Amino acid sequence: MNLDEQLQILINEAPQHGVSKIVMEKAVIPALKFFASQLQHTHYHVLHSEDRSWLVTTLRHREKQQSDKRVIYAFSTRKDAASFQGITTPDIRIVSLPVAHILFQLFTVDRLDSIIFMEVAGKKEHGTEIERAKLQTIIEQQLRRLKLKHSSPLTNIPPNFA
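According to this note's numbering, the sequence shown is numbered sequentially starting from 807.
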């Protein structure tokens with residue numbers, strides 16, 4: 807499934823999440839497309855626990871102990887995901903997900919700070935980090951533009967959406 811198909815699914819599912827299609831099309835989708843276009847793959851492999859929640863890794867800065875960062879790693883290959891930090895427990899599952907859906911989850915899950923996309927198979931030293939704060943800022947800017955463009959208030963934007 808290519809990126810445009812992934813984004814169309816998110817648009818179609820928007821009403822199920824209490825979001826109007828226009829908000830999804832005009833505010834959320836452009837931001838997701840911007841970040842997804844910086845990545846090399848249309849699908850990534852992420853680690854899930856038995857309850858289908860993502861495996862979150864907490865990174866601690868060497869000098870600034872208080873600046874923890876909660877991240878998800880998304881791998882370009884199943885093999886790389888399987889060998890991540892030597893995890894061999896049967897409680898952890900590897901799930902292949904469309905990149906647009908991963909980015910949308912980054913936006914909607916408050917407890918995440920970033921997703922690190924491991925682009926090159928076998929190379930776990932470098933990844934592309936997408937920060938939740940940057941994604942959220944762009945979506946908020948798009949929402950403000952959308953509100954300005956429409957003279958009447960948009961009634962389908964939940965107050966806590968962005």
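Glycine included, each C-beta is placed from N, C-alpha and C at the ideal position. Keep in mind it's a predicted model, so treat the numbers as computed, not measured.
Which residue from the options puts its Cα closest to that of residue i?
i	options	result
residue 861	822, 829 and 920	920
residue 939	924, 911 and 905	911
residue 903	817, 850 and 829	850
residue 878	895, 870 and 901	901
residue 949	815, 816, 807 and 829	829
residue 832	846, 816 and 845	816
residue 783	895, 834 and 859	Look at the range of the chain in this structure, 807 to 968, and you will see that residue 783 is not part of it.
residue 858	930, 814, 899 and 808	899
residue 843	890, 826, 808 and 951	808
With a cut-off of 8 Å on the beta carbons, I'd call residue i and residue j a contact; round off their distance for me.
i	j	result
residue 927	residue 883	5 Å
residue 941	residue 913	5 Å
residue 933	residue 945	Between residue 945 and residue 933 the Cβ distance is about 22 Å, and since that is not below 8 Å, they are no contact.
residue 925	residue 846	5 Å
When DSSP labels each residue in this structure, what does residue i get in the three-state scheme?
i	result
residue 877	strand
residue 819	helix
residue 863	strand
residue 896	coil
residue 883	coil
residue 838	helix
residue 937	strand
residue 849	strand
residue 903	strand
residue 830	helix
Is there a Cβ from chain D that is less than 8 Å from the Cβ of residue i?
i	result
residue 920	Annotation note: the requested chain D is absent from the structure, which comprises a single protein chain.
Beta-carbon separation of residue i and residue j under 8 Å?
i	j	result
residue 915	residue 812	no
residue 866	residue 918	no
residue 794	residue 880	No answer is possible for residue 794: the residues shown for the chain start at 807 and end at 968.
residue 897	residue 856	yes
residue 930	residue 874	no
Quick check: the region 832-839 against the region 902-917, are there 3 or more CB pairs under 8 Å?
yes
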